[in-house]
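Undergrad:
There are 4 protein chains.
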Amino acid sequence: MIIVMNNGATEEQIETVVAKIRSFDLDANVSRGTERTVIGAIGNERKLSPEMFDTLSGVEYSMHIVKQYKIVSREWHRDNSIINVGDVAIGGDQVQVIGGPCSVETQEQMDSAAQHVSDAGCRLMRGGAFKPRTSPYTFQGNGEEGLKMFRKAADKHNLRIVTELMDARMLDTFLEYDVDVIQIGTRSMQNFELLKEVGRINKPVILKRGMSATVSEWLMAAEYIAAGGNHNIIFCERGIRTFETAYRNVMDVTCIPVLKKETHLPVIVDPSHAGGKAWMVPALARAAVAAGADGLLVETHPNPCEAWCDADQALNPEEFRDLMGSLQGIAAVIGRSL
Amino acid sequence: MIIVMNNGATEEQIETVVAKIRSFDLDANVSRGTERTVIGAIGNERKLSPEMFDTLSGVEYSMHIVKQYKIVSREWHRDNSIINVGDVAIGGDQVQVIGGPCSVETQEQMDSAAQHVSDAGCRLMRGGAFKPRTSPYTFQGNGEEGLKMFRKAADKHNLRIVTELMDARMLDTFLEYDVDVIQIGTRSMQNFELLKEVGRINKPVILKRGMSATVSEWLMAAEYIAAGGNHNIIFCERGIRTFETAYRNVMDVTCIPVLKKETHLPVIVDPSHAGGKAWMVPALARAAVAAGADGLLVETHPNPCEAWCDADQALNPEEFRDLMGSLQGIAAVIGRSL
Amino acid sequence: MIIVMNNGATEEQIETVVAKIRSFDLDANVSRGTERTVIGAIGNERKLSPEMFDTLSGVEYSMHIVKQYKIVSREWHRDNSIINVGDVAIGGDQVQVIGGPCSVETQEQMDSAAQHVSDAGCRLMRGGAFKPRTSPYTFQGNGEEGLKMFRKAADKHNLRIVTELMDARMLDTFLEYDVDVIQIGTRSMQNFELLKEVGRINKPVILKRGMSATVSEWLMAAEYIAAGGNHNIIFCERGIRTFETAYRNVMDVTCIPVLKKETHLPVIVDPSHAGGKAWMVPALARAAVAAGADGLLVETHPNPCEAWCDADQALNPEEFRDLMGSLQGIAAVIGRSL
Amino acid sequence: MIIVMNNGATEEQIETVVAKIRSFDLDANVSRGTERTVIGAIGNERKLSPEMFDTLSGVEYSMHIVKQYKIVSREWHRDNSIINVGDVAIGGDQVQVIGGPCSVETQEQMDSAAQHVSDAGCRLMRGGAFKPRTSPYTFQGNGEEGLKMFRKAADKHNLRIVTELMDARMLDTFLEYDVDVIQIGTRSMQNFELLKEVGRINKPVILKRGMSATVSEWLMAAEYIAAGGNHNIIFCERGIRTFETAYRNVMDVTCIPVLKKETHLPVIVDPSHAGGKAWMVPALARAAVAAGADGLLVETHPNPCEAWCDADQALNPEEFRDLMGSLQGIAAVIGRSL
């Protein structure tokens, strides 16, 4: 941590800062510049926080030098971590496309979806039984009944299932239906109590980025899960909120190389929620894989026009199959497979 | 709802849209312009959603004409709603300043804080027992023990207490300690399961704005609470996230007149979290009251330098008292009291 | 400037950084921490830039410790600067409200506007002769003819005039009509060639904030003007662009106390462009004055419904007069006059 | 255009709106819904603007139905437009990579850069002679001397040159040195006077997106150029400003498919400015081509460590050559060449 003193800071003020650093068993390095004195804290600076110093008189500002996340950082673990979902690996050479509908509607719909997702070559399937909806007056998901339908449809095709957990009180039910990958949605990224709960189990967790979360906050949210003992974490970029109104969100491809540098954990992308319209999905999906994503979450529905939610962002089976073809080509160019 | 057709939309495509509208028992008005045909749905358009139409061929886009929130809207209830917290009214002529520390630390700290908050003229007090923290490695609040200390300190000075609920599983404990006003924090604004829970009780709820939530999403979040039967909702603006890095958040004063127009419920402001530094708080607090806020949440601590969290944003007792003085002046100018 | 080395940086890499610092005649302070080595450059760090070091191997990142602006900073000039426009002072105890229409339309309109602006107690008047419009197909202003009408109307009431310069090639014409205060619009804040031109004259300049400019970029833009020799600069906040769509821009009140701390120059606010609707203006104007603004730019039109541009954001003469009354009250509370 | 009336709008208020529409020689369609009356204006709605109606009593809001841009829209010209720069086509099957240094430094540097850009297979070269810099105290470019060096170096390798114009007064000089493609920088996107000037010539223009410009504003800025008669416009996405601070800007890949739908003109991307760090460029460049970009602007320097500006974002010759290889692979997957 460095503490930058005001232009006219007195010796006494400098001494107070130094004493505070030492009171935490750290050393202090005082560098007297022409315009500012800068004090560095030497030792485990994670014990300190800027607000401890910013209130002292004579201090202009202070800041951490090292990152606040630890277990999830690449410094802690140099090699890529591979997360195994049964016999399917996320984070290795193979790019995993997780296809499926926005929400679990009926057993017929799920059976048909599982069939076409499996035919297209996917090994994992997505689908929501509990839906976070902006309005209390819209369809909120089929709940436990939905989990049951999903499990049944997926098992027939040997697909692992990915579904969202919104409430810690439902965790036991998720474990009962043996949900293979638990998804923490964008609105729950900083639901710290929920993060602590999934940190206590050993199921893989997809942690979606909050729609306005910085990369640093996102890594810290993952650290909550990791600190509990569960290191099976997969980051999922799903579009960020900006000033632009011509599309729902901006898919942040830049975060892909940045996360690959900062963390050893896999990074996947959800181009369906990012763009919000089915016709944008192929371009965005290709961009994500070209930028180095370890996988994708793609919405596809047997009959998009009749989907109960987000109808306009699901690919139909044919569009989905075509997309898988071009993704295979892109993956090959950068030395990966699909 | 209006549906705008593409430039070259065919008669058949127009007919399909009209038929879909009628299938929901609404009427359709077809307006053929020189460049576009626009179809209006006449009747209770809340049954419809844009995604139902955006997937039909020939449709360019569609949009709601009426707002999706209802109970919280001023159309539903023309007069200002006043929320009573015991004998203290929020939303009336009196502007309520809710002072207190960021977190409940010790009984001594709370006793001292309650004393100076009460001396300054406040009728409500704030303080966090459960703290949402970005890092899992920082102080997470004193929990139930904190509620106990808070209740005790406040009762001595006849102060009503405001504190944050982060987890539905703690609601019974909050009721046990008779928390007077339950605060839903910025990170929980779209924790829909939590909103549903506080919708089932009849305690006043302060609903903080998500740090990147639109006014419309915020009103819809309140609608979740209201739809459950609890109409005692108070909106709280606490700064929004923007591109600016010179300060933590931007206090959005514009939302004050806008909310007062859209909803009948009270609107308060938290200038402490918005700015993030104690020296900014007086200017921001004055601005909020001048813009029409019904109250403020202000952090004040008996000894800010030793606060366990957010030390740099708390006012000391003297600064707090001074601020109360100037707020009284501003309130008087616009015909209110403090 | 400090340079933070990677965790595993070698002695040789550290030496290279130190040598680079010394090659600019600055000293280096090397602080070896447990996780990072931090190198401080001691001397006039404005000669250095982060990109000089970020390319060197072993460097994690580097950053300036002192601000890059100088003449406009409060460190350079401790007291408030007062900008004199004839006998009217901006930045002193008196808050200046600059009223007038969005654009100069006709001589009659300007005569009537000047009359009501003067009657309401203003000493300066605004009006656009050259209009930056998003669409090439809309009214672009009356140009030189507009300046003439404006000058004539204002002189009759002894009002100083404020109008926008969009093109360096028009500067001579502005001087010819003796424009009292030159406004640099939001879209021109980083038109560096234009800034250099107004830096060469000695007329007061209102520098509007770019709608997505950081406070730091804004101060640097002012430094361009100041570096040319013209220190008569007035900052004008006019709303920033955010994710919110319920109103055009978010008026950033937080920047007022921040600027007053960082610079000695006056800060005014334009609540009309910030909100975009006339009914929001009184609340926003009061908030700005309460937060410490030195003045306001307010749109008012003899007959808003017939205004040629931004009709929906202009106050009518009566609304304007009422607003002036409440602003007087607010100013008095914080020890100022109107 | 549609005008939505308030819930309680009177017949008289509706009549006033209808009369106003008719006064512009348009027809009105009145649709009386259960909660709102909606009035549609039928005819050339570009004559109208929302602010004309929003000031009338009884009006809730009004909005355009058709887009305000015309010449640049795909409705006006269904096929892709190909912009010819001599014998090089932008917007056809071939993806054009425009390589070169941030700024023109010396003749030796430019000769060397031109050599390696040409060797890598590029047909166009970039380089700045006039540099828009945030600080007035940093290198502002070599000016006319720079254009001369650039022209000379490029001619030796038959490369077309792309360089930024910041000031209308320099246009003649640009024509004198026969600059092949004029770049309008991000800070000039809404410098309307400059847009009008380049609209009067027939040189190809690269119009960079303002760093916080919406797609709609960007298209309107292009319309300024097109309205003057110059239809040789190339859009260039260069990263947008968001709340994220871990990287300079967020490269907006979503705008690529959206622009390809909205306009017939080519779209290129500048991954160097978007990310701000050389190590991010390959991932971003691949993503842009995979998403359908017609070309790229990539910074490359013979010796990045010694570059006079933006040293940390330039690729060295070897990295640049490698990138060209993988881009060729990506282009082939989507049926294009490099």
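Residue numbers (the UniProt record's numbering), protein chains in the order written: chain A, 1 to 338; chain B, 1 to 338; chain C, 1 to 338; chain D, 1 to 338.
We put the beta carbon where it would ideally sit given N, CA and C, even for glycine.
If you're wondering where the values come from, they're calculated on a predicted model, not measured in any experiment.
1. Are Ile184 (chain C) and Lys208 (chain C) touching if we call contact CB-CB under 9 Å?
2. Using a Cβ cut-off of 8 Å, which residues of the segment 112-134 of chain D contact any Cβ in chain C, in chain order?
3. Using 8 Å for Cβ pairs, my map puts Phe243 (chain D) next to Arg241 (chain B). What's the rounded Cβ distance?
4. Distance cutoff 9 Å, beta carbons only. Does Ser326 (chain D) sit that close to anything in chain A?
5. Using a Cβ cut-off of 8 Å, which residues of the segment 63-93 of chain A contact any Cβ in chain C, in chain order?
6. Along chain A, in chain order, which residues have C-beta atoms closer than 8 Å to that of Ala311 (chain B)?
7. Which residues in chain A sit within 8 Å of Ser31 (chain C), going by Cβ to Cβ distance?
8. Applying the 10 Å Cβ sphere with the 16-neighbour rule, what's the burial state of Glu232 (chain D)?
9. Using the three-state DSSP reduction, which class does Cys236 (chain B) fall into: helix, strand or coil?
10. For Phe24 (chain B), go through chain D and note every residue whose CB falls closer than 9 Å to its CB, in chain order.
11. Determine whether the beta carbon atoms of Ser216 (chain D) and Gln68 (chain D) lie at a separation below 9 Å.
12. Anything in chain C within Cβ reach of Asp167 (chain D), meaning under 8 Å, just list it in chain order.
13. Consult DSSP for Ala226 (chain C) and reduce its assignment to one of helix, strand or coil.
14. For Met211 (chain B), decide whether its Cβ has a neighbour in chain A, counting only Cβ atoms nearer than 9 Å.
15. Would Ser337 (chain B) pass as an interface residue toward chain A - the criterion being a Cβ-Cβ separation below 9 Å?
16. What's the gap between the Cα of Ala114 (chain D) and the Cα of Glu318 (chain D)?
17. Less than 9 Å between the beta carbons of Met251 (chain A) and Ala287 (chain A), yes or no?
18. At which residue ranges does the UniProt domain "DAHP synthase ferredoxin-like" (1-66) of chain D contain complete alpha helix (DSSP H) runs of 4 or more residues, listed in the order of the chain?
19. Count the CB pairs spanning the segment 87-102 of chain D and the segment 139-147 of chain D that are closer than 8 Å, and state whether there are at least three.
20. Do you know offhand how far Pro132 (chain A)'s Cα is from Ser326 (chain D)'s?
21. Less than 9 Å between the C-beta atoms of Met166 (chain B) and Phe130 (chain B), yes or no?
22. Compare the C-alpha of Val17 (chain D) against each of D:Val38, D:Gly8, D:Val117, D:Gly229 and name the closest.
23. Say whether chain C places a C-beta atom closer than 9 Å to the C-beta of Gln13 (chain D).
24. Thinking C-beta only, is Asp294 (chain A) closer than 9 Å to Ile90 (chain A)?
25. Grouping DSSP H, G and I as helix and E and B as strand, with all else coil, what is Lys336 (chain C)?
26. Express the C-alpha separation of Ser57 (chain B) and Leu315 (chain A) in angstroms, rounding to a whole number.
27. Entirely within the segment 120-179 of chain C and at least 4 residues each: give me those alpha helix (DSSP H) ranges in chain order.
28. Nearest chain D C-beta to Tyr247 (chain A) closer than 9 Å, yes or no?
29. Given that a residue counts as buried once 16 or more other Cβ atoms are within 10 Å of its Cβ, and exposed if not, what is Asp312 (chain D)?
30. In terms of residue numbering, what span does the alpha helix (DSSP H) encompassing Val85 (chain C) cover?
31. I'd like to know if Lys261 (chain A) contacts chain D, where contact means its C-beta is closer than 9 Å to some C-beta of that chain.
32. Name, in chain order, the residues that DSSP records as bridge partners for Glu105 (chain B).
33. Given a threshold of 16 other Cβ atoms within 10 Å of its Cβ, counted over all protein chains shown, does Trp76 (chain B) qualify as buried or as exposed?
34. Buried or exposed, going by whether 16 or more other CB atoms sit within 10 Å of the CB of Ser49 (chain A)?
35. Do Leu124 (chain C) and Asp180 (chain C) have their C-beta atoms within less than 9 Å of each other?
TA: Put simply:
1. As a working note, residue 184 (chain C) is residue 184 in the third sequence. As a working note, residue 208 (chain C) is residue 208 in the third sequence. In contact: Ile184 (chain C) and Lys208 (chain C) (Cβ atoms closer than 9 Å).
2. Pro132, Arg133, Thr134
3. Translated into positions along the fourth sequence, residue 243 (chain D) becomes position 243. Translated into positions along the second sequence, residue 241 (chain B) becomes position 241. Indeed, because the Cβ distance is near 5 Å, the residues count as touching under 8 Å.
4. Your numbering for residue 326 (chain D) matches position 326 in the fourth sequence. With 9 Å as the cut-off, Ser326 (chain D) counts as an interface residue toward chain A.
5. Ile65, Val66, Glu75
6. Numbered from its first residue, the second sequence carries residue 311 (chain B) at position 311. By Cβ distance, chain A contributes Glu51, Met52, Asp54, Thr55.
7. Numbered from 1 along the third sequence, position 31 holds the residue referred to as residue 31 (chain C). The answer, in chain order, is Asn29, Ser31, Gly40, Ile42.
8. Translated into positions along the fourth sequence, residue 232 (chain D) becomes position 232. One point to set straight first is that residue 232 (chain D) is Asn, not Glu, in the sequence displayed. Its Cβ being crowded by 16 or more others within 10 Å, Asn232 (chain D) is buried.
9. For the purposes of this step, residue 236 (chain B) is taken as the residue at position 236 of the second sequence. Three-state DSSP puts Cys236 (chain B) in a strand.
10. For the purposes of this step, residue 24 (chain B) is taken as the residue at position 24 of the second sequence. By Cβ distance, chain D contributes nothing, its closest Cβ being about 13 Å from Phe24 (chain B), past 9 Å.
11. On the fourth sequence, position 216 is the one that residue 216 (chain D) refers to. On the fourth sequence, position 68 is the one that residue 68 (chain D) refers to. Against a cut-off of 9 Å, the Cβ pair of Gln68 (chain D) and Ser216 (chain D) comes out as a contact.
12. Locating residue 167 (chain D) in the fourth sequence gives position 167, where the first residue counts as 1. Here the neighbours are Ala168, Glu193.
13. Along the third sequence, read from residue 1 onward, the residue named residue 226 (chain C) stands at position 226. The answer is helix: DSSP assigns Ala226 (chain C) an H, G or I state.
14. The residue labelled residue 211 (chain B) in the question sits at position 211 within the second sequence. Chain A, which has a Cβ nearer than 9 Å to the Cβ of Met211 (chain B), makes this yes.
15. Counting from 1 along the second sequence, the entry for residue 337 (chain B) is found at position 337. No, because no Cβ of chain A sits closer than 9 Å to the Cβ of Ser337 (chain B).
16. Start at 1 with the first residue of the fourth sequence, and residue 114 (chain D) comes out as number 114. Start at 1 with the first residue of the fourth sequence, and residue 318 (chain D) comes out as number 318. Computed Cα separation, rounded: 14 Å.
17. On the first sequence, residue 251 (chain A) is found 251 positions in, with the first residue counted as 1. On the first sequence, residue 287 (chain A) is found 287 positions in, with the first residue counted as 1. The answer is yes: Cβ separation under 9 Å.
18. 11-22, 50-54
19. Under the 8 Å Cβ criterion, the segment 87-102 of chain D does not count as touching the segment 139-147 of chain D, having fewer than three qualifying pairs.
20. Residue numbering aside, residue 132 (chain A) sits at position 132 when the first sequence is read from its first letter. Residue numbering aside, residue 326 (chain D) sits at position 326 when the fourth sequence is read from its first letter. In a straight line, the C-alpha of Pro132 (chain A) is about 40 Å away from that of Ser326 (chain D).
21. Position 166 of the second sequence, counted from the start, is the residue given in the question as residue 166 (chain B). Position 130 of the second sequence, counted from the start, is the residue given in the question as residue 130 (chain B). Yes, they are a contact pair.
22. Taking the fourth sequence and counting its residues from 1, the one referred to as residue 17 (chain D) is at position 17. Just measuring C-alpha positions, the residue of D:Val38, D:Gly8, D:Val117, D:Gly229 sitting nearest Val17 (chain D) is D:Val38.
23. By 1-based counting over the fourth sequence, the position of residue 13 (chain D) is 13. Output row for Gln13 (chain D): interface = no.
24. Translated into positions along the first sequence, residue 90 (chain A) becomes position 90. Translated into positions along the first sequence, residue 294 (chain A) becomes position 294. Result yes, Cβ atoms of Ile90 (chain A) and Asp294 (chain A) sit closer than 9 Å.
25. As a first step, residue 336 (chain C) is located in the third sequence; it is residue number 336 there, counting from the start. Note that residue 336 (chain C) is Arg in the sequence shown, not Lys. Here Arg336 (chain C) sits in coil by DSSP.
26. In the first sequence, counting from the first residue as 1, residue 315 (chain A) sits at position 315. In the second sequence, counting from the first residue as 1, residue 57 (chain B) sits at position 57. Computed Cα separation, rounded: 15 Å.
27. The segment 120-179 of chain C contains these whole alpha helix (DSSP H) runs: 143-156, 171-176.
28. Within the first sequence, numbered from 1, the residue matching residue 247 (chain A) stands at position 247. Closer than 9 Å to some Cβ of chain D, the Cβ of Tyr247 (chain A) qualifies, so yes.
29. Numbered from its first residue, the fourth sequence carries residue 312 (chain D) at position 312. By the neighbour-count rule (16 or more Cβ atoms within 10 Å), Asp312 (chain D) is buried.
30. Here residue 85 (chain C) is taken as the residue at index 85 of the third sequence, counted from 1. In this chain, Val85 (chain C) is not harboured by any alpha helix (DSSP H); it is covered by the beta strand (DSSP E) spanning 83-85.
31. Taking the first residue of the first sequence as position 1, residue 261 (chain A) is located at position 261. With 9 Å as the cut-off, Lys261 (chain A) counts as an interface residue toward chain D.
32. Position 105 of the second sequence, counted from the first residue, corresponds to residue 105 (chain B). In the DSSP output, where bridge partners are listed per residue, Glu105 (chain B) has none listed.
33. The residue given as residue 76 (chain B) occupies position 76 in the second sequence. Answer is exposed; the Cβ neighbour count stays below 16.
34. Mapped onto the first sequence, residue 49 (chain A) falls at position 49. Flag for Ser49 (chain A) reads buried.
35. Translated into the one-based positions of the third sequence, residue 124 (chain C) becomes position 124. Translated into the one-based positions of the third sequence, residue 180 (chain C) becomes position 180. Cβ atoms of Leu124 (chain C) and Asp180 (chain C): closer than 9 Å.
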